[in-house]
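So the sequences go chain by chain: L and P.
Heads up: the first sequence at position 93 corresponds to 93 in the UniProt record's numbering, and the numbers run straight through without jumps.
Heads up: the second sequence at position 46 corresponds to 46 in the UniProt record's numbering, and the numbers run straight through without jumps.
Note that CB positions come from ideal geometry on N, CA and C, so glycine has one too.
Since this is a predicted model, take the numbers as computed values, not measurements.
Here the structure comes first, spelled out in structure tokens, and everything after it is commentary.
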Amino acid sequence: MTLRVTDHPILGKLEKKKAVTFTFNDKQYTGYEDESLAAALLANEIRTLRHHEESGSSRGIYCNIGHCFECRVSINGKQGVRACLTPLKGNMIVESHGKLPTPVRDWRSSDE
Amino acid sequence: MNNVIIIGSGPAGLTAAITCAQKGLEVSVIDEYMKPGGRLLGQLYEQPDGSWWNGINESKKLFQQAVNLGVQFYLETPVFNIEKKDSLWVVYTDKETFQTTNLLLATGAAEAPVPIPGWTLPGVMSIGAAQIMTNVHRVKPGNRGLIIGINVLSSAIAMELKLAGVDIACLALPKNNQITHESAHPKKVLDSLLHVAHMAPSTFVKLGSKLMKNNFMKELGVTFYPRNGVKMWDIPIQLKKAVIEIYGEQEVEGVTIASISSKGEVIEGSEENIAVDFVCIAGGLYPLAELAALTGCPFHYIEELGGYVPLHNEQMMTPVEGLFVAGNITGIEGAKVAAAQGKIAGLSIAKRSGKHQLDEDLKDAVQQGADTRKNAYIQFHPEVDSGRRRIQEEWEEYLVNNTVQFF
Ligand SMILES: Cc1cc2nc3c(=O)[nH]c(=O)nc-3n(C[C@H](O)[C@H](O)[C@H](O)COP(=O)(O)OP(=O)(O)OC[C@H]3O[C@@H](n4cnc5c(N)ncnc54)[C@H](O)[C@@H]3O)c2cc1C
Ligand code: FES
Numbered sequence: 001m002t003l004r005v006t007d008h009p010i011l012g013k014l015e016k017k018k019a020v021t022f023t024f025n026d027k028q029y030t031g032y033e034d035e036s037l038a039a040a041l042l043a044n045e046i047r048t049l050r051h052h053e054e055s056g057s058s059r060g061i062y063c064n065i066g067h068c069f070e071c072r073v074s075i076n077g078k079q080g081v082r083a084c085l086t087p088l089k090g091n092m093i094v095e096s097h098g099k100l101p102t103p104v105r106d107w108r109s110s111d112e
Numbered sequence: 001m002n003n004v005i006i007i008g009s010g011p012a013g014l015t016a017a018i019t020c021a022q023k024g025l026e027v028s029v030i031d032e033y034m035k036p037g038g039r040l041l042g043q044l045y046e047q048p049d050g051s052w053w054n055g056i057n058e059s060k061k062l063f064q065q066a067v068n069l070g071v072q073f074y075l076e077t078p079v080f081n082i083e084k085k086d087s088l089w090v091v092y093t094d095k096e097t098f099q100t101t102n103l104l105l106a107t108g109a110a111e112a113p114v115p116i117p118g119w120t121l122p123g124v125m126s127i128g129a130a131q132i133m134t135n136v137h138r139v140k141p142g143n144r145g146l147i148i149g150i151n152v153l154s155s156a157i158a159m160e161l162k163l164a165g166v167d168i169a170c171l172a173l174p175k176n177n178q179i180t181h182e183s184a185h186p187k188k189v190l191d192s193l194l195h196v197a198h199m200a201p202s203t204f205v206k207l208g209s210k211l212m213k214n215n216f217m218k219e220l221g222v223t224f225y226p227r228n229g230v231k232m233w234d235i236p237i238q239l240k241k242a243v244i245e246i247y248g249e250q251e252v253e254g255v256t257i258a259s260i261s262s263k264g265e266v267i268e269g270s271e272e273n274i275a276v277d278f279v280c281i282a283g284g285l286y287p288l289a290e291l292a293a294l295t296g297c298p299f300h301y302i303e304e305l306g307g308y309v310p311l312h313n314e315q316m317m318t319p320v321e322g323l324f325v326a327g328n329i330t331g332i333e334g335a336k337v338a339a340a341q342g343k344i345a346g347l348s349i350a351k352r353s354g355k356h357q358l359d360e361d362l363k364d365a366v367q368q369g370a371d372t373r374k375n376a377y378i379q380f381h382p383e384v385d386s387g388r389r390r391i392q393e394e395w396e397e398y399l400v401n402n403t404v405q406f407f
């Protein structure tokens with residue numbers, strides 16, 4: 001079942017927009033040109049945008065308006081770009097950030 | 001060189017831009033979002049006269065008017081620093097650096113998070129995120145969700161989600177802890193809920209708002225509040241249930257919810273699981289004022305306005321020469337008030353830029369702002385008027401000990 005709201009009782013029908021393809025972690029998807037990348041991914045039922053640098057736990061959008069930086073992905077090789085503020089373009093190459101090989105740090109014991 | 005740079009293209013920034021341009025100033029508007037309109041974009045509700053307030057259309061109208069008047073727009077342009085060099089403001093963005101004599105900060109509001117076990121799982125988002133996804137991008141946040149936090153904004157957006165065909169299991173409180181504190185206390189929440197009563201076609205809440213003027217009645221109200229909640233737009237509102245945890249392996253699969261006492265304590269053994277594919281957290285709004293903090297502008301904590309606000313007067317001037325503020329950065333209110341403040345700021349800026357005979361206009365605009373506040377459909381804090389008075393008093397006190405360069 002699609003998550004797109006094609007018919008809205010007040011806002012009406014979805015206006016016709018240009019469909020474009022892009023890749024996310026090497027898989028191809030379709031979205032609408034200039035919609036937000038976060039929206040295009042969600043419409044493809046993709047919620048996990050990255051894995052936390054240190055814990056490796058999965059993360060997705062939180063605020064959707066640029067405040068929280070939870071949605072950062074790499075776009076065409078540029079790291080740390082907010083998916084919620086980025087208009088989708090055709091042939092975009094989007095990749096998740098993953099867990100980094102962080103050296104063991106023993107800050108927990110002194111912090112907790 | 002610009003006469004004025006406006007950071008933020010929400011209702012405050014756009015209205016200020018229009019006002020300045022009408023007075024013949026050169027105006028640039030900078031915003032990091034891809035569309036102009038700010039938080040106005042997502043708004044959608046039925047007004048008392050039966051017409052719909054459609055934020056997308058309202059934003060388009062304001063934007064078009066500004067463009068027609070020659071306002072320059074720089075969208076997708078995040079501002080990360082501002083600095084005063086001699087008498088000029090330098091505005092640093094991800095793209096270029098701008099300079100101006102007058103700077104208006106109209107950066108709006110941000111949502112306070114409510115940390116709850118599981119809240120970093122994909123599928124958990126702020127209530128505003130769900131609003132923008134649904135109404136602006138026309139993508140549902142999921143098929144079935146649950147909203148944590150009961151307040152004006154979450155009630156309004158629950159209805160918007162419903163309109164778009166999203167199933168909402170219920171609105172519930174967050175579990176009481178040091179951080180959630182007031183938002184987890186049934187009596188305090190009921191208190192704030194009474195102010196949205198006019199939006200609720202529920203006899204319980206409507207009747208309640210008339211009856212529950214005093215604390216004793218409120219206590220009774222919570223005590224007799226039905227265990228299964230009341231319904232607003234057919235969505236259960238659970239004042240007697242709190243979310244303990246959001247669970248899921250990699251993404252949201254559901255929430256664990258439990259009954260609570262009228263003081264907000266969890267009743268052992270009452271836990272149950274509700275399957276959902278998304279969760280919204282509604283922790284309330286606070287003014288997004290970081291850029292003002294960079295200028296050395298004094299701040300005051302005013303609860304009725306939503307938190308720390310930069311010191312300013314009725315004419316939207318700050319004590320920092322050439323720095324103006326308008327909209328939710330000065331306190332949390334609805335879009336119409338933000339627009340009214342934008343007009344005031346625009347006139348103040350025009351006056352500072354040497355445009356004459358604006359005193360009458362300014363006085364009228366300030367009055368118009370107060371009237372808009374009085375007739376506001378959505379009030380984020382019931383005592384917002386007293387908050388506005390307090391910041392004005394702080395301003396007057398500041399003037400006793402400091403000199404401010406006005407115009
Ligand atoms: C999530 C959310 C939902 C809301 N829903 C409602 C509602 O349903 N009804 C209602 O009446 N009110 C609602 N409000 C209140 C809302 O803030 C006001 O209605 C109104 O939009 C405020 O207008 P504004 O111009 O002050 O700011 P906004 O409309 O918030 O506009 C601020 C703009 O500034 C931009 N900005 C901020 N910082 C920077 C930066 N550093 N660089 C570049 N650009 C920047 C933002 O991208 C944004 O476009 C909501 C607020 C939020 C946060
Ligand atoms: S979701 Fe918060 S910055 Fe993108």
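- Those residues placing their Cβ nearer than 7 Å to any heavy atom of ligand 2 are, following chain order, L:Ala38, L:Ile61, L:Tyr62, L:Cys63, L:Asn64, L:Ile65, L:Gly66, L:His67, L:Cys68, L:Phe69, L:Glu70, L:Cys71, L:Arg82, L:Ala83, L:Cys84, L:Leu85, P:Ala129.
- Sixteen is the threshold: since fewer than 16 other Cβ atoms of the shown chains lie within 10 Å of the Cβ of Glu397 (chain P), the residue is exposed.
- Contact residues of the region 55-66 of chain L toward chain P are Ser57, Ser58, Arg59, Gly60, Ile61, Tyr62, Cys63, Asn64, Ile65, Gly66 (C-beta to C-beta distance below 7 Å).
- Ser36 (chain L) reaches chain P at Met34, His137, counting residues in chain order whose Cβ is nearer than 8 Å.
- In this structure, the CA atom of Thr6 (chain L) is about 5 Å from the CA atom of Leu14 (chain L).
- The beta-carbon distance between Ala292 (chain P) and Ile329 (chain P), rounded to whole angstroms, is 7 Å. This is short enough to meet the 8 Å contact definition.
- Within chain P, Thr134, Arg138, Val139, Lys140, Ala164, Gly165 have C-beta atoms less than 8 Å from the C-beta of Val5 (chain L), given in sequence order.
- Taken atom to atom, the span from the alpha-carbon of Lys241 (chain P) to that of His381 (chain P) is near 24 Å.
- For the region 24-98 of chain L, the full-length beta strand (DSSP E) segments reaching 3 residues or more read 27-32, 72-75, 78-82, 93-95 along the chain.
- According to DSSP, Phe380 (chain P) shares a beta bridge with no other residue.
- Measuring C-alpha to C-alpha distances from Ser353 (chain P) to each of P:Ile148, P:Val27, P:Ser9 identifies P:Val27 as the nearest.
- Looking at P:Ala21, P:Lys374, P:Pro141, the one whose alpha-carbon comes closest to that of Leu69 (chain P) is P:Ala21.
- Spatial neighbours of Ser74 (chain L) in its own chain (CB-CB distance under 6 Å, excluding positions within 5 residues in sequence) are listed in chain order as Glu95.
- Against chain L, the beta carbon of Asn54 (chain P) has neighbours under 9 Å at Ile10, Leu11, listed in chain order.
- Residues of chain P with a Cβ closer than 7 Å to the Cβ of Pro87 (chain L) are, in chain order, Met34.
- Within the same chain, Thr21 come within 6 Å of Gln28 (chain L) by CB-CB distance, once the 5 residues on both sides are set aside.
- Using a Cβ-Cβ cut-off of 8 Å, Ala19 (chain L) does not count as an interface residue toward chain P, since no Cβ of chain P sits closer than that to its own.
- Annotation for Ile127 (chain P): Glu111, Ile147, Gly149, Leu153, Ser154, Ile157, Cys280, Ile281, Ala282 place their beta carbon closer than 8 Å to its own, counting only its chain and skipping 5 residues before and after.
- Counting only runs of 3 or more residues that sit fully inside the region 301-342 of chain P, the beta strand (DSSP E) segments are 307-310, 323-325, in chain order.
- Take Ile168 (chain P), set aside five residues on each side of it, and the residues of its chain with a beta-carbon closer than 8 Å to its own are Arg144, Gly145, Leu146, Ile147, Ala158, Leu161, Lys162, Ile235, in chain order.
- Within 7 Å of the CB of Thr120 (chain P), the CB atoms of chain L belong to Ser57, Arg59, in sequence order along the chain.
- For the region 244-257 of chain P, the beta-carbon criterion of a distance under 7 Å to any beta-carbon of chain L is satisfied by Gln250, Glu251.
- Excluding the 5 residues flanking it on each side, Val71 (chain P) has same chain C-beta neighbours closer than 7 Å at Ala17, Ala21, Val27, Val29, in chain order.
- When distances are taken from the beta-carbon of Gly8 (chain P) to the heavy atoms of ligand 1, the shortest one is below 7 Å.
- When 7 Å is used as the limit between beta carbons, Met316 (chain P) is near no residue of chain L, the shortest such separation being about 23 Å.
- Shown here, Gln43 (chain P) sits in coil according to DSSP, grouped into three states, outside any helix or strand.
- Shortest gap from the CB of Ala112 (chain P) to any heavy atom of ligand 1: 7 Å or more.
- Ligand 1 never approaches Asp364 (chain P) closely enough for any of its heavy atoms to be under 7 Å from the residue's Cβ.
- For Asn273 (chain P), the enclosing beta strand (DSSP E) begins and ends at 272-275.
- From the beta-carbon of Leu42 (chain L), the residues of chain P found nearer than 7 Å are Met133, Val139.
- Take Ala19 (chain L), set aside five residues on each side of it, and the residues of its chain with a beta-carbon closer than 8 Å to its own are Thr30, Gly31, Tyr32, Glu33, in chain order.
- In this structure, the CA atom of Thr120 (chain P) is about 12 Å from the CA atom of Ser55 (chain L).
- In this chain, the alpha helix (DSSP H) harbouring Val152 (chain P) covers 152-163.
- Contact note: Leu14 (chain L) reaches chain P through Arg138, using a C-beta cutoff of 7 Å and chain order.
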